[in-house]
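Colleague:
Residue numbers (our numbering): 1 to 68.
#1: Taking DSSP as the reference, what is the three-state secondary structure of residue 59?
#2: So what's residue 44 in DSSP terms, helix, strand or just coil?
#3: Determine contact between the region 27-35 and the region 47-56, defined as no fewer than three beta-carbon pairs at a distance below 8 Å.
#4: Could you compute how far the alpha carbon of residue 39 sits from the alpha carbon of residue 45?
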């Protein structure tokens, strides 16, 4: 079936690229935030990464709900 319809292959390829971008984001967001914090704030307190990630997820849910 995949050989008969190239759209299925294209859809799979696009899905794989999107998932790769999501994985790269989840790997790189913590070091990026910590680096930005070190440049902007001299306080040595740690970032509330759990709260920041939860806010990202809430933002995605709100965005999805408002687009329907």
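Using N, Cα and C, we set each Cβ at its ideal position, and we do this for glycine too.
Modeller: Reading off the structure:
#1: helix
#2: coil
#3: yes
#4: 13 Å
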